[in-house]
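Chemist:
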Amino acid sequence: MSPPRHREPLHHPLPWRDPWPLVQALAAELGREGLVWLDSDGSAQGPCSRLGLAPLEQRICRGLPGEARARDPFALLADLAAGGGHWMGWLSYEAGAWVEPAPHWQSPDMALLWAARHDPVLVFDHGSQQQWLEGQDPGRLSSFAALLERLDLGTAPASQPPAAIAPASWHWHTPPERFADQVEQVLAWIASGDLFQANLTACCEQQLANPADPLELYGRLRRSCAAPFGGLAVAGAAAAGEAVLSASPERFLRLDGTGQVETRPIKGTRPRHQHPDADADAAADLVTSAKDRAENVMIVDLLRNDLGRVCLPGSIQVPQLVGLESYRQVHHLTSVVRGQLGDGLSAIDLLRACWPGGSITGAPKIRACQRLHGLEPVPRGPYCGSLFRLGADGQFDSSILIRSLLLRGQRLRAHAGCGIVADSDPAAEAEELGWKLQPLLEALA
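Quick note: the sequence shown uses my numbering, first residue 104, plus one each step.
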């Protein structure tokens, strides 16, 4: 494989326009299939949003090692990086089978990897209210700029809003009482020394009466669940009918132009409250919780080890350990781990070394994956995987796909999970599962 061909993109500045109406108008003009909208909330963690439509090509991987026509998604990503271009898409949790086959992973029915190459990409800097096109082909850059100039946001055809989905109508694969029993099992493994921590997840689903427009569904989600690493990916080609809708607050991995790596694991959550005193009490309870701090610190240690496989010796730092970050629906404890990528290594080497993410597996990571496989009745698919962008300049950014909805045809799934440690309470973890899912389900109600 040849080394990646990194090229600085061309830029075409544009006048500022409100991002979401522009996304809707461009989707009406160019179609939904292949659309990727990396929808940041304008915070320090998510200052810029990016939109790609009408991709020049789409690539897909399905299957696990040993299955017919299966292909290593990390090898494909390395090939895409070597070829240049700006790629965005998702990587499913079960891609871990290509890193460590021992857990006997379940094969998801959504794409293991779906990636699309867009040229140009529309970029929005929310803080400075600057907007520009970024690409490699001057002709395409000019053509897209001309399209934007003549595009009238007031003439986009109104689409039929999706029918409301009652929260009580969702079917649980693991009901809350069963989830509490599973927490008891994880606690027994922890007590025996088999595990230190595990991120146990549950899934509910809805069979829609009619095909849904993922853009309209996502519009509902973003209105109530804005997040630094939100986004929408609507697959086309061989993955047509599949879409990921995310309101994730969690960065997985970022690689900048200087080779600096950053990961921002989240462990520890409390719901927000409308009354200021109750909200402050919830935040204080989280900050002083020994259980939540232990969860977070264990995952920081795990990620320091993962980054140490590919970063320069002595470069790993933790500039923020167990810091409070508050979002519209929840308070979180977030840590920040940084390092300097080793010479000659790429974003894909980094991704493979850290996959799957420590915050959504447990410690020890591989043993946690093995144990979780035996408890969770359906594959996670893109949930707990990553929504990512791989730039033509070699830079990389990605989220952990929590707080996310998965659409496949007329089936809509929502997942949530909880970190289990030695002093976890099964009933409290089942309750936490409910209020983590509540904002997603209420957004569609």
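Think of the CB as a built atom: it goes at the ideal place given N, C-alpha and C, for glycine as much as any other residue.
1. I need the DSSP call for ARG470, collapsed to helix, strand or coil.
2. Note down the Cα distance separating GLU308 from ARG516, rounded to an integer number of angstroms.
3. Taking 6 Å as the limit between beta carbons, can you name the residues of its chain near ARG367, skipping five residues before and five after?
4. Can you give me the C-alpha to C-alpha distance between ARG120 and LEU256, rounded to a whole angstrom?
5. Ends of the alpha helix (DSSP H) at PRO317?
6. Only counting the same chain, and skipping five residues up and downstream in sequence, which positions put a Cβ closer than 7 Å to that of LYS370?
7. Three or more beta-carbon pairs under 8 Å between the segment 482 to 495 and the segment 212 to 225, yes or no?
8. Return helix, strand or coil for CYS457, following the three-state DSSP convention.
9. Out of TRP208, HIS229, PRO241, which one is the CA nearest neighbour of PRO223?
10. Among the residues of its own chain, which have a CB less than 8 Å from the CB of GLY166, if the five just before and after it don't count?
11. Relative to the alpha-carbon of GLY137, which residue among SER143, PRO317, LEU543 has its alpha-carbon at the smallest distance?
12. Could you check which residue in GLY520, VAL139, LEU405, PRO416 has the C-alpha nearest to that of PHE299?
13. Use the C-beta contact count for SER295: other C-beta atoms within 10 angstroms, 16 or more gives buried, fewer gives exposed.
14. Are there 16 or more other CB atoms within 10 angstroms of the CB of PRO112, so buried, or fewer, so exposed?
15. Only counting the same chain, and skipping five residues up and downstream in sequence, which positions put a Cβ closer than 8 Å to that of ALA530?
16. From SER527 to ALA291, what does the alpha carbon distance come to, in whole angstroms?
17. So the candidates are GLY145, PRO278, GLU160; which of them puts its Cα closest to the Cα of ARG153?
18. Per DSSP, what are the beta-bridge partners of GLY155 in this structure?
19. If you follow the beta strand (DSSP E) that GLU160 is in, where does it begin and where does it stop?
20. Exposed or buried, ARG412, counting other C-beta atoms within 10 Å across all chains shown (16 or more means buried)?
21. Measure the Cβ-Cβ separation of ARG135 and VAL425 and say whether it is below 8 Å.
22. Could you please give the first and the last residue of the uninterrupted beta strand (DSSP E) stretch that includes ASP384?
23. Name the residue from GLU203, ALA271, GLU535, ALA248 whose alpha carbon lies nearest to the alpha carbon of ARG455.
24. If you check the beta carbons only, do ILE268 and LEU547 fall under 8 Å apart?
25. Closer than 6 Å by C-beta to ALA466: which residues in its own chain qualify, once you throw out the five before and the five after it? Chain order, please.
26. Roughly how many angstroms lie between the CA atoms of ALA200 and HIS114, to the nearest whole one?
27. Does the distance from the CB of LEU540 to the CB of LEU303 come in under 8 Å?
28. Helix, strand or coil for ARG506 per DSSP?
29. Just mark MET104 as buried or exposed, buried being the case when its beta carbon has 16 or more other beta carbons within 10 Å.
30. Pull up the CB-CB distance for VAL286 and PRO374, whole angstroms please, since I reckon it's below 8 Å.
31. Please classify GLU252 as buried or exposed, where buried requires at least 16 neighbouring CB atoms within 10 angstroms.
32. Does the distance from the CB of MET549 to the CB of PHE491 come in under 8 Å?
33. With distances taken between CB atoms, is the gap from ASP496 to ARG110 smaller than 8 Å?
34. Exposed or buried, SER349, counting other C-beta atoms within 10 Å across all chains shown (16 or more means buried)?
35. GLY426 by DSSP, collapsed to three states: which one?
36. By the three-class DSSP mapping on this structure, what secondary structure does MET191 have?
Modeler: If we stick to the structure as given:
1. As a position in the sequence shown, residue 470 is number 367, starting the count at 1. Looking at ARG470 - three-state DSSP - the assignment turns out to be helix.
2. One-based indexing of the sequence shown puts residue 308 at position 205. One-based indexing of the sequence shown puts residue 516 at position 413. Distance between the alpha carbons of GLU308 and ARG516 is about 4 Å.
3. The residue you call residue 367 lines up with position 264 of the sequence shown. The residues are ARG354, THR437, VAL439.
4. For the purposes of this step, residue 120 is identified with residue 17 of the sequence shown, where counting begins at 1. For the purposes of this step, residue 256 is identified with residue 153 of the sequence shown, where counting begins at 1. Rounded to whole angstroms, ARG120 to LEU256 spans 10 Å at the Cα level.
5. Taking the sequence shown and counting its residues from 1, the one referred to as residue 317 is at position 214. 317 to 327 is the extent of the alpha helix (DSSP H) around PRO317.
6. Numbered from its first residue, the sequence shown carries residue 370 at position 267. The residues are ASP395, GLU398, ASN399, ILE402, LEU436, SER462, GLY522.
7. yes
8. As a first step, residue 457 must be located in the sequence shown, where it is residue number 354. Looking at CYS457 - three-state DSSP - the assignment turns out to be helix.
9. Here residue 223 refers to the residue found at position 120 when the sequence shown is read from its first residue. Nearest option by C-alpha distance: PRO241.
10. Looking up residue 166 in the sequence shown gives position 63. Closer than 8 Å at Cβ, skipping near neighbours: ARG172, ALA173, ARG174, SER210, LEU215.
11. Counted from its first residue, the sequence shown places residue 137 at position 34. Comparing Cα positions, the closest option is PRO317.
12. Residue 299 sits at position 196 when you count from the first residue of the sequence shown. Checking every option, the nearest Cα to that of PHE299 belongs to LEU405.
13. Along the sequence shown, read from residue 1 onward, the residue named residue 295 stands at position 192. Flag for SER295 reads exposed.
14. As a working note, residue 112 is residue 9 in the sequence shown. Answer is buried; the Cβ neighbour count reaches 16.
15. The sequence position of residue 530 within the sequence shown is 427, counting from 1. Once the five neighbours on either side are set aside, the close Cβ partners of ALA530 are ALA283.
16. On the sequence shown, position 424 is the one that residue 527 refers to. On the sequence shown, position 188 is the one that residue 291 refers to. Rounded to whole angstroms, SER527 to ALA291 spans 11 Å at the Cα level.
17. Within the sequence shown, numbered from 1, the residue matching residue 153 stands at position 50. Checking every option, the nearest Cα to that of ARG153 belongs to GLY145.
18. Within the sequence shown, residue 155 is the residue found at index 52, counting from 1. Answer is VAL139, bridged to GLY155.
19. For this step, residue 160 is matched to residue 57 along the sequence shown. Note, GLU160: beta strand (DSSP E), 160 to 164.
20. By one-based count along the sequence shown, residue 412 stands at place 309. Result: exposed.
21. The residue you call residue 135 lines up with position 32 of the sequence shown. The residue you call residue 425 lines up with position 322 of the sequence shown. Cβ distance not < 8 Å, so ARG135 and VAL425 don't count as in contact.
22. Here residue 384 refers to the residue found at position 281 when the sequence shown is read from its first residue. From DSSP, ASP384 is part of no beta strand (DSSP E) but of the alpha helix (DSSP H) over 379 to 390.
23. Working through the sequence shown from its first residue, we reach residue 455 at position 352. With distances taken between Cα atoms, ARG455 lies closest to GLU203.
24. By one-based count along the sequence shown, residue 268 stands at place 165. By one-based count along the sequence shown, residue 547 stands at place 444. Yes.
25. Mapped onto the sequence shown, residue 466 falls at position 363. Answer for ALA466: PHE299, GLN300, MET401, LEU405, listed in chain order.
26. Here residue 200 refers to the residue found at position 97 when the sequence shown is read from its first residue. Here residue 114 refers to the residue found at position 11 when the sequence shown is read from its first residue. So the alpha carbons of these two residues sit roughly 39 Å apart.
27. To locate residue 540, count along the sequence shown from 1; it is residue 437. To locate residue 303, count along the sequence shown from 1; it is residue 200. It is not a contact, given that the beta carbons lie outside the stated cut-off.
28. Counting from 1 along the sequence shown, the entry for residue 506 is found at position 403. Residue state, collapsed to three classes: coil.
29. In the sequence shown, residue 104 corresponds to position 1, counting from 1. Because the pLDDT of MET104 is 48, which lies under 50, any placement of that residue in the model is unreliable, and the question is left without a value.
30. Numbered from its first residue, the sequence shown carries residue 286 at position 183. Numbered from its first residue, the sequence shown carries residue 374 at position 271. Incorrect: roughly 19 Å between the Cβ atoms, too far for contact.
31. For the purposes of this step, residue 252 is taken as the residue at position 149 of the sequence shown. GLU252 should be labelled exposed.
32. What the structure shows of the chain is the stretch from 104 to 548, and residue 549 is not part of that stretch, so it cannot be assessed.
33. Within the sequence shown, residue 496 is the residue found at index 393, counting from 1. Within the sequence shown, residue 110 is the residue found at index 7, counting from 1. Result yes, Cβ atoms of ASP496 and ARG110 sit closer than 8 Å.
34. Here residue 349 refers to the residue found at position 246 of the sequence shown. Buried, by the Cβ-count rule.
35. As a working note, residue 426 is residue 323 in the sequence shown. Strand, per DSSP.
36. Reading the sequence shown from its first residue, position 88 is the one you call residue 191. The answer is strand: DSSP assigns MET191 an E or B state.
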